[in-house]
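In the numbering used here, the protein residues as written are 8 to 447.
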């Protein structure tokens with residue numbers, strides 16, 4: 008019985024999680040030390056509690072047959088919608104977003120935990136719809152994505168919402184959705200962000216008018232442009248239906264993407280706060296607002312650079328102790344780590360995260376169960392995006408979006424989500440040779 012229980016555990020993933028979590032606790036402790044050498048924060052104690060609870064959950068999920076969730080995925084998704092609606096209406100506002108539920112100091116961020124439910128439900132749908140027409144299947148999956156994405160953007164929490172997109176794209180790719188549909192989504196997303204930030208880039212960084220951008224800043228010209236591309240889309244669609252020529256398909260797609268991006272970028276400007284859009288562009292030139300939106304990036308790069316090769320040593324960092332880094336125990340934990348552990352320490356973290364991602368790819372390749380493969384694919388997209396964006400953010404090569412570094416950043420909701428995901432991976436790996444879609 009004992010060997011059967013421990014047979015459910017993937018010891019490589021377990022050791023990686025334990026190492027990263029302990030490292031995170033240590034540097035959360037370091038981030039609480041002030042210039043006098045006194046720790047003025049109890050965040051590391053809270054993180055120990057969350058880590059203990061998360062470890063238990065991870066092991067229980069690993070032992071539990073993940074295929075049993077197949078039957079309940081629909082109901083879990085309904086619960087996701089209800090929870091996100093309740094959060095939007097009654098939630099507590101933290102860092103500009105109404106994304107928390109709780110009493111006093113005890114609170115959770117539902118949008119973090121809902122990532123797992125989204126992965127389970129999307130995997131359920133993609134597994135059941137394998138025989139459907141690809142375009143219809145992709146559009147239905149896109150509709151599933153828009154539900155949590157829209158509710159989270161209304162909070163508004165741009166960082167957490169953005170994580171759902173790579174999860175969706177990786178799962179669709181692994182489900183056999185044609186690559187051209189996935190590229191359409193990527194093109195739409197990139198163009199939407201570009202059109203949303205160009206007017207602010209002109210005003211805040213370039214600081215002089217660009218005639219070509221007047222169509223984005225003048226609402227009348229923007230509406231004319233939107234209607235023009237909408238007409239081109241409709242004409243292309245009509246030509247595709249009547250004449251069956253392939254080039255009408257590409258005209259329809261291109262014009263449709265531009266039309267949708269123009270509308271979405273306009274809505275983004277209404278929903279997102281000015282400081283959130285400012286974050287998307289200030290990484291291009293942090294010196295344009297060195298004491299405002301550019302402060303975080305500048306101080307983070309100073310911290311990472313001052314670590315040099317070997318680092319300054321544990322609890323010997325200055326950027327964090329003198330409070331130059333805001334949100335240093337959450338978004339900028341890698342900056343503190345790099346300052347104190349240097350290039351070598353950062354390289355070790357890269358190797359460990361690479362090992363986790365490669366292990367997930369191995370599980371995906373070995374799993375014969377489609378439902379399990381899709382769940383593991385979603386988790387792969389989630390971890391990859393979190394790591395790349397967080398590290399890129401603190402290095403100044405990506406916009407600041409408030410995405411935590413898995414297992415290291417302070418936060419109970421994110422830690423529980425990540426450990427639950429690891430438990431699911433262990434459960435899938437242990438049952439990787441079973442073809443049945445769900446347990447009886």
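We treat Cβ as the ideally placed atom computed from N, Cα and C, and that holds for glycine.
Classification of residue i by the beta-carbon crowding that lies within 10 angstroms, buried from 16 upward
| i | result |
| --- | --- |
| residue 37 | buried |
| residue 18 | exposed |
| residue 226 | exposed |
| residue 253 | exposed |
| residue 300 | buried |
| residue 415 | buried |
| residue 238 | exposed |
| residue 376 | buried |
| residue 430 | buried |
| residue 78 | exposed |
| residue 286 | buried |
| residue 294 | exposed |
| residue 190 | exposed |
| residue 82 | exposed |
| residue 315 | exposed |
| residue 59 | exposed |
| residue 342 | buried |
| residue 106 | buried |
| residue 123 | buried |
Alpha-carbon spacing of residue i relative to residue j, whole angstroms
| i | j | result |
| --- | --- | --- |
| residue 70 | residue 436 | 11 Å |
| residue 297 | residue 166 | 22 Å |
| residue 217 | residue 400 | 28 Å |
| residue 329 | residue 313 | 14 Å |
| residue 101 | residue 50 | 16 Å |
| residue 10 | residue 434 | Because the pLDDT of residue 10 is 49, which lies under 50, any placement of that residue in the model is unreliable, and the number read from its coordinates should be weighed accordingly. Straight-line Cα distance between these residues: approximately 15 Å. |
| residue 232 | residue 272 | 13 Å |
| residue 24 | residue 426 | 8 Å |
| residue 275 | residue 169 | 13 Å |
| residue 22 | residue 29 | 11 Å |
| residue 134 | residue 182 | 8 Å |
| residue 439 | residue 209 | 52 Å |
| residue 57 | residue 74 | 26 Å |
| residue 428 | residue 365 | 15 Å |
| residue 44 | residue 323 | 9 Å |
| residue 243 | residue 258 | 6 Å |
| residue 88 | residue 362 | 34 Å |
| residue 97 | residue 155 | 17 Å |
| residue 67 | residue 16 | 10 Å |
| residue 215 | residue 33 | 47 Å |
| residue 144 | residue 358 | 37 Å |
| residue 250 | residue 256 | 11 Å |
| residue 290 | residue 302 | 10 Å |
| residue 355 | residue 385 | 25 Å |
| residue 174 | residue 104 | 22 Å |
| residue 201 | residue 372 | 36 Å |
| residue 196 | residue 270 | 12 Å |
| residue 26 | residue 327 | 22 Å |
CB of residue i within 9 Å of CB of residue j, strictly
| i | j | result |
| --- | --- | --- |
| residue 383 | residue 367 | yes |
| residue 493 | residue 137 | Since the first residue shown for the chain is 8 and the last is 447, residue 493 is missing from the structure and cannot be characterised. |
| residue 340 | residue 432 | no |
| residue 84 | residue 125 | yes |
| residue 413 | residue 360 | yes |
| residue 152 | residue 95 | no |
| residue 204 | residue 288 | yes |
| residue 177 | residue 149 | no |
Cut-off 7 Å between Cβ atoms - residues of its own chain near residue i, not counting five sequence neighbours on either side
| i | result |
| --- | --- |
| residue 120 | 420, 423 and 424 |
| residue 47 | 39 and 41 |
| residue 80 | 127, 128 and 131 |
| residue 206 | 220, 223 and 224 |
| residue 185 | 141 |
| residue 109 | 99 and 115 |
| residue 337 | 411, 416, 417 and 418 |
| residue 64 | 423, 426, 427 and 430 |
Check: residue i C-beta below 8 Å from any heavy atom of the ligand ZN
| i | result |
| --- | --- |
| residue 409 | Inclusion of the ligand ZN in the displayed structure is not the case, the ligand content being empty and no account of it being possible. |
DSSP beta-bridge partners of residue i
| i | result |
| --- | --- |
| residue 101 | 104 |
| residue 115 | 108 |
| residue 46 | 40 |
Sequence-distant residues of its chain with Cβ nearer than 8 Å to residue i (five each side left out)
| i | result |
| --- | --- |
| residue 320 | 347 |
Proximal residues to residue i (C-beta, below 6 Å), its chain only, five neighbours per side dropped
| i | result |
| --- | --- |
| residue 236 | 262, 265 and 266 |
| residue 308 | 403 |
| residue 198 | 268 |
| residue 311 | 342 and 345 |
| residue 394 | 360 |
| residue 194 | 264 |
| residue 3 | The chain is shown only over 8 to 447; residue 3 falls outside these bounds and no answer can be derived. |
is_contact[residue i, chain C] using C-beta, thresh 9 Å
| i | result |
| --- | --- |
| residue 197 | Absent from the structure: chain C. Only one protein chain is present. |
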